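Presented below is the structure to which this report refers.
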Amino acid sequence: METYFATPERDSKENLLKDLNLLNSSNELKLFLDSVSELVIVLNKYRQIVYANKVFLNFVEADRVEDVIGFRPGEGINCIHADELEGGCGTSESCVECGAVKAIIKTLKTNKQGGEEVRIVQHGGEALDLMIKTTPFVLNDSEYVIAAFSDISSIKRRRILEKIFFHDVLNTAGALSNFMELLDDSTPEEKEELLKLSKLLSSELVEEIESQKNLMAIETGEYELEIEDVNVKQLLEVLEYTFKNNTHFLNKKIKLDPCDELVIKTDRTLLRRVLYNLLKNALEAISPGEEVSFGILNSQAESLTFFVQNPGVIPKNIRLQIFQRSFSTKGIGRGLGTYNVKLLTEKFLKGKVHFESSPETQTIFYLKIPLEMKQKVLA
Numbered sequence: 001m002e003t004y005f006a007t008p009e010r011d012s013k014e015n016l017l018k019d020l021n022l023l024n025s026s027n028e029l030k031l032f033l034d035s036v037s038e039l040v041i042v043l044n045k046y047r048q049i050v051y052a053n054k055v056f057l058n059f060v061e062a063d064r065v066e067d068v069i070g071f072r073p074g075e076g077i078n079c080i081h082a083d084e085l086e087g088g089c090g091t092s093e094s095c096v097e098c099g100a101v102k103a104i105i106k107t108l109k110t111n112k113q114g115g116e117e118v119r120i121v122q123h124g125g126e127a128l129d130l131m132i133k134t135t136p137f138v139l140n141d142s143e144y145v146i147a148a149f150s151d152i153s154s155i156k157r158r159r160i161l162e163k164i165f166f167h168d169v170l171n172t173a174g175a176l177s178n179f180m181e182l183l184d185d186s187t188p189e190e191k192e193e194l195l196k197l198s199k200l201l202s203s204e205l206v207e208e209i210e211s212q213k214n215l216m217a218i219e220t221g222e223y224e225l226e227i228e229d230v231n232v233k234q235l236l237e238v239l240e241y242t243f244k245n246n247t248h249f250l251n252k253k254i255k256l257d258p259c260d261e262l263v264i265k266t267d268r269t270l271l272r273r274v275l276y277n278l279l280k281n282a283l284e285a286i287s288p289g290e291e292v293s294f295g296i297l298n299s300q301a302e303s304l305t306f307f308v309q310n311p312g313v314i315p316k317n318i319r320l321q322i323f324q325r326s327f328s329t330k331g332i333g334r335g336l337g338t339y340n341v342k343l344l345t346e347k348f349l350k351g352k353v354h355f356e357s358s359p360e361t362q363t364i365f366y367l368k369i370p371l372e373m374k375q376k377v378l379a
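Here it is as structure tokens:
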């Protein structure tokens with residue numbers, strides 16, 4: 001069988017049941033595993049589940065251990081990549097970057113404890129941020145790996161949201177403060193330009209605060225959509241002006257492709273935030289002197305497709321994780337940009353977002369949304 005990473009082979013049903021019976025015979029082990037709050041599974045050398053505690057069974061909505069025996073972790077947790085290849089969890093191209101597979105393999109090979117952060121997207125779109133701890137375990141000369149998963153989703157989201165918010169707000173407020181200090185020693189012409197930029201930065205500051213407020217409402221499911229007429233050309237022109245005058249990107253170029261007047265019905269705030277994030281990511285990815293281009297790719301009977309293009313190719317290991325929550329190439333606390341683009345687009349704007357990245361096309365993100373949204377409130 002084909003594999004990109006871990007071995008695809010599995011143990012026989014007979015041997016799996018032998019392992020289960022052996023582990024079931026240890027009342028002390030069962031009592032201990034059921035006393036902890038983590039999701040705990042015991043794996044054989046083929047990375048297959050041979051025992052699971054009650055917390056894990058409740059999480060995957062299984063009535064008994066026999067319902068999950070023989071599964072691998074991703075198959076039990078319903079990971080979207082677990083069924084991409086015949087070999088199952090651990091064998092697809094996406095599994096190469098999976099923290100769970102890495103930690104389990106490390107413990108199997110070294111007989112030492114392992115630990116990794118794990119980002120899993122389930123069928124249905126739910127994203128999980130977990131911490132896995134793996135420990136070698138021997139019972140009656142049979143070797144196993146105990147894998148314990150802790151949910152760190154709320155902790156990571158809160159930490160990242162706070163860092164993103166303070167980072168962006170402090171940058172904008174700092175630039176605004178610098179402009180105000182320059183006013184005293186400026187000529188009338190310079191003052192006019194500085195006041196114009198200060199007004200723009202003030203608007204950006206309000207936008208960042210509003211964006212944070214909306215983001216928190218979205219995370220808790222309390223955001224109410226506001227469907228209104230949106231002049232697309234005007235929205236794109238404002239974004240172009242915003243970034244052309246953004247002090248962080250003055251040495252980089254941005255170009256809006258010519259487009260016709262077009263009015264759609266959507267949530268202006270969310271559409272602007274999605275496009276803003278895509279443009280900001282693109283500008284951060286290029287070198288001084290390079291250019292980001294964006295605009296409308298096409299308008300069809302019921303949908304509209306935007307594009308954002310920048311020079312350069314995204315490495316494969318990053319492409320595989322780019323829409324995962326908390327993943328970032330910018331360091332700790334900078335990992336909600338592309339995840340939120342996907343969340344806002346698919347869950348709220350009822351659209352789709354995808355990208356391509358190659359030497360021939362460079363890097364292009366596509367955003368497709370309906371011309372007219374009818375849903376008013378999303379709880």
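Per my numbering, the very first residue in the sequence shown carries number 1; after that it's consecutive.
We put the CB at the ideal spot given by N, CA and C, even for glycine.
All of these numbers come straight from a predicted model, not from anything done at the bench.
Exposure label - residue i; buried when at least 16 CB within 10 Å
i	result
P437	Coverage of the chain is limited to positions 1 through 379, which leaves residue 437 absent and any answer about it impossible.
R64	exposed
M180	exposed
Y51	buried
I155	exposed
D67	exposed
S35	exposed
I332	Because the pLDDT of I332 is 39, which lies under 50, any placement of that residue in the model is unreliable, and the question is left without a value.
V313	exposed
Q309	buried
D19	buried
G87	buried
L23	buried
A301	exposed
K342	buried
V42	buried
Helix, strand or coil at residue i according to DSSP, with G and I counted as helix
i	result
G99	helix
V36	coil
T134	strand
Q212	helix
K56	Here the sequence assigns Phe to residue 56, which means Lys is not the residue at that position. Note: F56 maps to helix in three-state DSSP.
Q234	helix
K106	helix
I369	strand
L239	helix
H81	coil
S186	coil
D380	The structure shown has nothing for residue 380, since the chain only spans 1 to 379.
T361	coil
Y276	helix
E116	strand
E346	helix
K352	strand
CB of residue i within 9 Å of CB of residue j, strictly
i	j	result
G90	P8	yes
K255	I286	no
R239	L349	The displayed chain sequence assigns Leu, not Arg, to residue 239. Their beta carbons are not under 9 Å apart, which means L239 does not touch L349 by this criterion.
I120	R47	no
T172	E204	yes
S293	I369	no
L275	M373	no
K233	E261	yes
V55	E28	no
R72	A82	yes
V230	V263	yes
T269	I227	no
N15	L215	no
K280	F243	yes
K347	G125	yes
E117	I80	no
L85	Y4	yes
K163	G70	no
L371	G295	no
L200	K191	no
S94	L320	yes
Neighbourhood of residue i by C-beta, 8 Å cutoff - its chain only, sequence neighbours within 5 removed
i	result
H354	F365 and Y366
G115	A103, M131, I132, K133 and T134
T363	A282, A285, Q309, N310, P311, G312, V313, I314, F355, E356 and S357
V40	L33, A52, N53, V55, F56, I146, A147, A148 and F149
K106	K112, G114 and T134
Cβ of residue i within 9 Å of any chain C Cβ
i	result
Q234	Here chain C cannot be found, since the structure has a single protein chain.
Contact set for residue i: own chain, Cβ-Cβ below 7 Å, skip 5 residues either direction
i	result
A217	Y223
D11	N44, Y46 and Q48
T247	A175
R273	S211 and L344
P288	N251 and K252
F323	T338, Y339 and K342
6 Å Cβ shell around residue i - same chain, five flanking residues per side excluded
i	result
N298	T305
M382	For the chain, the structure presents residues 1 to 379; residue 382 sits outside this window and is missing.
D165	First, the amino acid is wrong: residue 165 is Phe here, not Asp. Once the five neighbours on either side are set aside, the close Cβ partners of F165 are Q212.
G351	T345, K368 and I369
Cβ contact check for the stretch 138–146 and the stretch 353–365: 3 or more pairs under 8 Å: Fewer than three beta-carbon pairs drawn from the stretch 138–146 and the stretch 353–365 are found closer than 8 Å, and the two stretches are therefore not classed as touching.
Looking at C-beta atoms only, is the number of pairs between the stretch 93–104 and the stretch 115–134 that lie closer than 8 Å three or more? A contact exists between the stretch 93–104 and the stretch 115–134.
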